[in-house]
Amino acid sequence: MALLAVARHVGRQHPPEMTPLPGWSPPGTPLFLDGYPATLFGHVAADLRVDAVTATCTRETKAVTLFRSLGWRLTPRAEASADAVQHYEAKGLRWPDAIAAAAKTDVTHLERHNWDR
């Protein structure tokens, strides 16, 4: 899936031990703080050229909600994968492990679109 591919790409650009900062829980942490990405999907959004000032002002904590607010349309499978990555990141998994765990999430029951791979 394209969204997981971008997350893998972003994860590889950072040290493999990347996790949430101590005391920060991604479900409650905005994706962007003070114009800078604060979570894995904050970095994914930045890599997708989301304007950091706009993203900071929205104070969104969920990737799916941020992307929707920008007018982007995600498939149900992409939304489930994004939610799964954020779930595993919130549990404290390192970014590569959170992405790998999310990739194993069963999304076969969700509607498949032509652009879902």
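The opening position of the sequence shown corresponds to residue 361 in our numbering, with each subsequent residue numbered one higher. A virtual CB, placed ideally from N, CA and C, is assigned to each residue, including glycine.
Does residue 397 pass the burial test, meaning 16 or more other C-beta atoms within 10 Å, or should it be called exposed? Locating residue 397 in the sequence shown gives position 37, where the first residue counts as 1. Flag for residue 397 reads buried.
Give me the residue from 373, 378, 401 with the minimum Cα distance to residue 427. For the purposes of this step, residue 427 is taken as residue 67 along the sequence shown, with counting starting at 1. Per the Cα distances, 401.
Tell me, please, which residues DSSP counts as bridged to residue 392. Position 32 of the sequence shown, counted from the start, is the residue given in the question as residue 392. In DSSP, residue 392 forms a bridge with 397.
Taking contact to mean 3 or more Cβ pairs, one atom from each stretch, closer than 8 Å, check whether the stretch 363-373 and the stretch 454-463 are in contact. yes
Measure the alpha-carbon distance for residue 418 versus residue 464 and round it to whole angstroms. Taking the sequence shown and counting its residues from 1, the one referred to as residue 418 is at position 58. Taking the sequence shown and counting its residues from 1, the one referred to as residue 464 is at position 104. When only Cα atoms are considered, residue 418 and residue 464 end up about 30 Å apart.
Could you tell me the alpha carbon to alpha carbon distance between residue 395 and residue 415, rounded to whole angstroms? Within the sequence shown, numbered from 1, the residue matching residue 395 stands at position 35. Within the sequence shown, numbered from 1, the residue matching residue 415 stands at position 55. Spanning the two alpha carbons is a distance of roughly 8 Å.
To the nearest angstrom, how far is the alpha carbon of residue 448 from that of residue 366? By one-based count along the sequence shown, residue 448 stands at place 88. By one-based count along the sequence shown, residue 366 stands at place 6. For residue 448 and residue 366, the distance between alpha carbons rounds to 17 Å.
Helix, strand or coil: which one does DSSP assign to residue 376? The sequence position of residue 376 within the sequence shown is 16, counting from 1. Residue 376 falls in the coil class under three-state DSSP.
What is the DSSP secondary structure of residue 420, reduced to helix, strand or coil? To locate residue 420, count along the sequence shown from 1; it is residue 60. Coil.
DSSP three-state assignment for residue 363, whether helix, strand or coil: In the sequence shown, the residue the question calls residue 363 occupies position 3. Per DSSP, reduced to three states, the secondary structure at residue 363 is helical.
What is the DSSP secondary structure of residue 402, reduced to helix, strand or coil? Numbered from 1 along the sequence shown, position 42 holds the residue referred to as residue 402. Helix, per DSSP.
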